[in-house]
Amino acid sequence: MAPGNRFGLALARGQIALGALALRFGLDVGMVEGPPFTLGAGPRPEFDELLEPGRSSLIDYRLDLPKHEFLSYLVHTRRYLVHGTAAPDLDEVRPMPAPDYEARTLEAVFATSDGIWPLFFATLDRPRAGSLWNGCYHLRRGSVVHRYYFFFTEADPRDEAIWRDGTIYVLPREPFARTWIPNEWVSPQPVRAVAKLLVSPSDFPFKQRVKKFDATLSLLGNLRRFSK
Numbered sequence: 102m103a104p105g106n107r108f109g110l111a112l113a114r115g116q117i118a119l120g121a122l123a124l125r126f127g128l129d130v131g132m133v134e135g136p137p138f139t140l141g142a143g144p145r146p147e148f149d150e151l152l153e154p155g156r157s158s159l160i161d162y163r164l165d166l167p168k169h170e171f172l173s174y175l176v177h178t179r180r181y182l183v184h185g186t187a188a189p190d191l192d193e194v195r196p197m198p199a200p201d202y203e204a205r206t207l208e209a210v211f212a213t214s215d216g217i218w219p220l221f222f223a224t225l226d227r228p229r230a231g232s233l234w235n236g237c238y239h240l241r242r243g244s245v246v247h248r249y250y251f252f253f254t255e256a257d258p259r260d261e262a263i264w265r266d267g268t269i270y271v272l273p274r275e276p277f278a279r280t281w282i283p284n285e286w287v288s289p290q291p292v293r294a295v296a297k298l299l300v301s302p303s304d305f306p307f308k309q310r311v312k313k314f315d316a317t318l319s320l321l322g323n324l325r326r327f328s329k
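Shown next, in the form of structure tokens:
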């Protein structure tokens, strides 16, 4: 790894560690807080029914509850991972190349243990949205998981043309391993989906909070803008 890349990696890891520490002490680091999730609250039959054996892999979601609440139940209570993408017709999710913080191209299946974060990826038209800057932190206090996020796009997020319908794939945890990025998991091999859920931009609860990234500012400077 080149010295510049090592410095960038150390800086990124340091920023993530400092962000997590600041949240633990109740400091405003420029993120938006999502709805808290209470662990150990017991089964949700209305959600469990949607994943019963014998049902179609395409979830027929007709509940009045937000889809992110269902996805949060799947990751926190049922221990699944989720993956957001534009492709609606996958039986398995295959590794795709993506740059990492070490300036390498990592080929893997990316998934998350958060129920809101993948909606950002599923409902953006990536070629039109351009580069993305985003993150998700969990802070557990007792049985309650507090969730914090930031979302930036290279294109103007007020342009409706960069948004589109997408799909969330529900995946088993078995082949995945955690990365050092909070709530990010990777698998080097294809993963067969347990189920899939069609979503639209209206299902992403922070669509109106997404901001255009200002390339003249650091990530910290952009986060100060994000909190306003």
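Residue numbering for the sequence shown follows our numbering, starting at 102 and increasing by one per position.
Every residue gets a Cβ at the ideal spot worked out from N, C-alpha and C, and that includes glycine.
#1: Helix, strand or coil for N323? Go by DSSP, reduced to three states.
#2: If I measure Cβ to Cβ from A212 and keep anything under 7 Å in the same chain, skipping five residues before and after, which residues do I get?
#3: What's the call for A316, buried or exposed, on a 16-neighbour Cβ count within 10 Å?
#4: Quick one: what does DSSP say L299 is sitting in, helix, strand or coil?
#5: Check for me: the alpha helix (DSSP H) holding Y174 runs from which residue to which?
#6: Rank K308, F314, S319 and L318 by C-alpha distance to the C-alpha of V133 and give the top, closest one.
#7: Roughly how many angstroms separate the alpha carbons of S319 and F253, rounded to a whole number?
#8: What residue ranges within the stretch 183 to 268 form continuous alpha helix (DSSP H) runs of no fewer than 4 residues, ordered along the chain?
#9: Relative to the alpha-carbon of L159, which residue among D304, R274, V311 and T268 has its alpha-carbon at the smallest distance?
#10: Determine the closest residue to S301 out of G231, I263 and D149, with distance taken between C-alpha atoms.
#11: CA-CA distance, V245 and H177?
#12: In terms of residues, what are the limits of the beta strand (DSSP E) holding E285?
#13: If I measure Cβ to Cβ from R194 and keep anything under 7 Å in the same chain, skipping five residues before and after, which residues do I get?
#14: Hey, how far is the Cα of W234 from the Cα of A142?
#15: Measure the beta-carbon distance from F221 to F327 and round it to whole angstroms, keeping in mind my assumption that it falls under 8 Å.
#16: Put R279 into one of helix, strand or coil per three-state DSSP.
#17: Can you tell me whether L159 is helix, strand or coil according to DSSP?
#18: CB P228 to CB V311, shorter than 7 Å?
#19: Sort out for me which residues DSSP pairs F138 with in a bridge.
#20: Under the DSSP definition of a beta bridge, which residues are partnered with Y181?
#21: Excluding sequence positions up to five away, which residues of its chain have a Cβ less than 6 Å from the Cβ of D266?
#22: Can you list, in chain order, the residues of its chain whose CB lies under 7 Å from that of F314, leaving out five sequence neighbours each side?
A quick look at the data gives this:
#1: helix
#2: Here the set comprises L182, V183, H184, L272, F277 and W286.
#3: exposed
#4: strand
#5: K168 to H177
#6: The residue with the shortest Cα to Cα distance from V133 is K308.
#7: C-alpha separation (whole angstroms): 12 Å.
#8: 218 to 223 and 227 to 230
#9: Relative to L159, the option among D304, R274, V311 and T268 whose CA is nearest is T268.
#10: Taking only the C-alpha atoms, the option nearest S301 is I263.
#11: 11 Å
#12: Per DSSP, E285 belongs to the beta strand (DSSP E) from E285 to S288.
#13: The sequence shown places Val at residue 194, not Arg. Excluding residues within five positions, the ones whose Cβ falls inside 7 Å are H184, V210, Y270, L272, P291, V292 and A294.
#14: 33 Å
#15: Not really, about 13 Å apart at Cβ, beyond 8 Å.
#16: strand
#17: strand
#18: no
#19: Paired residues: V246.
#20: Y181 is not bridged to any residue.
#21: S301
#22: W234, F253, T254, E255 and N323
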